[in-house]
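Below: one structure, written as structure tokens.
This is how it looks when you write it as structure tokens:
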């Protein structure tokens with residue numbers, strides 16, 4: 014079985030110089046651990062110029078699209094392997110996104126926009142930075158001629174000497190506009206609580222959207238975002254139709270060697286202005302019965318999603334209510350693991366968990382119906398997922414929160430939270446702003 018070609022590149026604490034060098038190529042992508050500013054994460058994956066791009070619209074059967082991704086991957090990477098003994102997450106493969114509306118066909122829900130609901134590039138090379146081992150590799154397909162490998166290696170090695178990103182037009186926006194007025198948000202929460210009282214749902218994730226016109230280069234917006242809110246599941250994807258900029262802290266699903274992991278976030282508190290105040294807010298979150306109950310509901314939902322495709326009795330909750338702290342907020346995070354059944358592909362495993370329970374509510378289908386009824390906007394990438402599927406079958410993905418969509422010189426982003434029976438509507442409105450206020454402010 015032919016191995017991918019591997020050559021060392023200079024390790025960089027930040028991968029920005031590499032991505033800046035490639036940002037004007039066709040469909041550049043950066044799966045970003047947020048290093049060196051983030052306390053979490055390990056790998057960065059960067060590529061550009063995919064050998065093919067696959068796209069799905071709301072009229073495309075979602076299951077057929079996923080099959081096409083797997084078939085394209087198999088076609089371009091027949092019997093390709095990693096060098097033995099080397100633990101790298103990506104040896105070439107698929108990188109892309111699934112909008113929140115991607116599987117609305119399976120949930121029998123309408124999709125109210127004409128943009129693609131999914132786009133995936135098949136990449137036959139990548140830069141992989143390992144921030145734990147402080148190593149960097151250029152990985153190329155076995156079929157690449159040596160001259161092509163050497164040319165790219167020389168270009169990237171030269172870019173590693175750059176101390177800052179290439180100069181591009183500054184990113185400037187005008188005034189942010191909210192899709193939902195404050196009173197309408199409060200009214201929607203009251204309606205959700207009526208549904209909960211009637212037994213339709215236990216929890217519903219409700220969001221509001223903000224938009225603004227912009228000028229300039231999207232990479233300059235992403236640089237601001239990752240500096241202000243460094244996060245381990247960040248990404249910058251520049252597809253022909255839309256650009257996606259994400260500083261997500263939340264893992265959705267990963268599958269490696271048939272071991273599956275999900276780490277839902279549910280429970281949020283602001284950061285304090287002083288160390289003492291910050292510690293107090295963190296402790297209040299850890300002890301909050303409401304937030305723990307919300308988190309547990311979503312853990313139960315995800316355990317159920319995992320059980321569809323995991324070996325019997327293999328689904329475990331290995332961590333419950335862990336505290337993770339980021340630049341703008343504290344979060345409660347739990348961890349669910351399972352062993353994937355033989356014959357279930359990583360992409361199908363992801364599909365059967367999609368969309369993530371932490372951003373729908375419980376039960377999932379009824380919560381999605383309520384969201385569709387009450388939210389006046391399409392979510393697009395918000396609450397969808399950005400993912401890679403390596404040619405060796407490994408997969409990792411995020412929940413696309415703290416994520417901006419750039420489309421036709423308009424930038425969109427959303428914030429929301431889980432509504433339960435005893436939610437305080439005003440506090441929920443404030444939390445939806447709190448989660449993205451830093452995000453909105455740094456892009457002004």
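Residue numbers (my numbering): 14 to 457. In this text, a Cβ means the ideal position worked out from N, Cα and C, and glycines have one as well.
Residue 37 is positioned such that its CB atom lies no closer than 9 Å to that of residue 254. The secondary-structure analysis by DSSP pairs residue 370 with nothing; it has no beta-bridge partner.
Comparing alpha carbon positions, the residue from 435, 457, 161 closest to residue 210 is 435. Here DSSP, grouped into helix, strand and coil, assigns residue 453 to helix. For the options 124, 237, 144, the alpha carbon positioned closest to that of residue 457 is the one of 237. Contact between residue 74 and residue 170 does not hold, since the beta-carbon distance rounds to 44 Å and is not under 8 Å. Counting C-beta pairs with one atom in each stretch, the region 96-114 and the region 394-402 have three or more that are closer than 8 Å, which means they touch. Distance from the CA atom of residue 95 to the CA atom of residue 163, rounded to whole angstroms, is 19 Å. Residue environment for residue 386: exposed (fewer than 16 other C-beta atoms within 10 angstroms of its C-beta). Segment contact: the region 260-276 against the region 223-234, fewer than three CB-CB distances shorter than 8 Å; contact not assigned. Excluding residues up to 5 positions away in sequence, 71, 114, 391, 393 lie with their Cβ nearer than 8 Å to the Cβ of residue 126 in the same chain. Excluding sequence positions up to five before and after residue 243, its CB lies within less than 6 Å of the CB of 47, 50, 51, all in the same chain and listed in chain order. DSSP, read as helix, strand or coil, puts residue 58 in strand. If you compare the alpha carbons of 292, 138, 32 with that of residue 172, the shortest gap goes to 32.
Taking every protein chain shown into account, the CB of residue 39 has fewer than 16 other CB atoms within 10 angstroms, so this residue is exposed. Three or more beta-carbon pairs separated by less than 8 Å are not found between the region 354-362 and the region 191-202, which leaves the two stretches without contact. By the neighbour-count criterion, in which 16 or more other beta carbons inside 10 Å mark a residue as buried, residue 216 falls on the buried side.
When the five nearest sequence neighbours on each side are left out, the beta carbons in the same chain lying within less than 8 Å of the beta carbon of residue 148 are those of 21, 24, 142, in order along the chain.
Within the DSSP secondary-structure output, residue 143 pairs in a beta bridge with 56, 148. Between residue 297 and residue 282, the C-beta spacing is below 9 Å. DSSP lists 428 as the bridge partner or partners of residue 221. Taking 8 Å as the upper bound for CB-CB distance, residue 312 and residue 319 are not in contact here, some 10 Å apart.
In the structure shown, residue 414 falls within a coil segment according to DSSP collapsed to helix, strand and coil.
The beta carbon of residue 370 is closer than 8 Å to those of 277, 311, 314, 315, 318, 377 in its chain, skipping five residues each way along the sequence. Judged by DSSP secondary structure, residue 436 falls outside any alpha helix (DSSP H); it is assigned neither H nor E. The beta-carbon distance between residue 178 and residue 418, rounded to whole angstroms, is 22 Å. This is too long to meet the 8 Å contact definition.
Its Cα nearest to that of residue 181, the residue 233 stands out among 443, 233, 429, 41. Annotated three-state conformation of residue 93 is coil, per DSSP. Its chain contains 245 as the residues whose beta carbon lies nearer than 6 Å to that of residue 53, once the 5 sequence neighbours on both sides are disregarded; these appear in chain order.
When 409, 384, 372, 338 are compared, the shortest CA-CA separation from residue 363 is found for 409. The beta carbon of residue 455 lies closer than 6 Å to those of 237, 241 in the same chain, with the five residues before and after it left out.
Looking at 145, 76, 17, 230, the one whose alpha-carbon comes closest to that of residue 151 is 17.
If you look at residue 160, you'll find it in the alpha helix (DSSP H) that goes 159-172. For the 9 Å CB-CB criterion, residue 214 and residue 42 do not form a contact. Considering only 138, 346, 396, the residue with the shortest C-alpha distance to residue 416 is 396.
By the CB criterion at 9 Å, residue 279 and residue 220 fall outside the cutoff.
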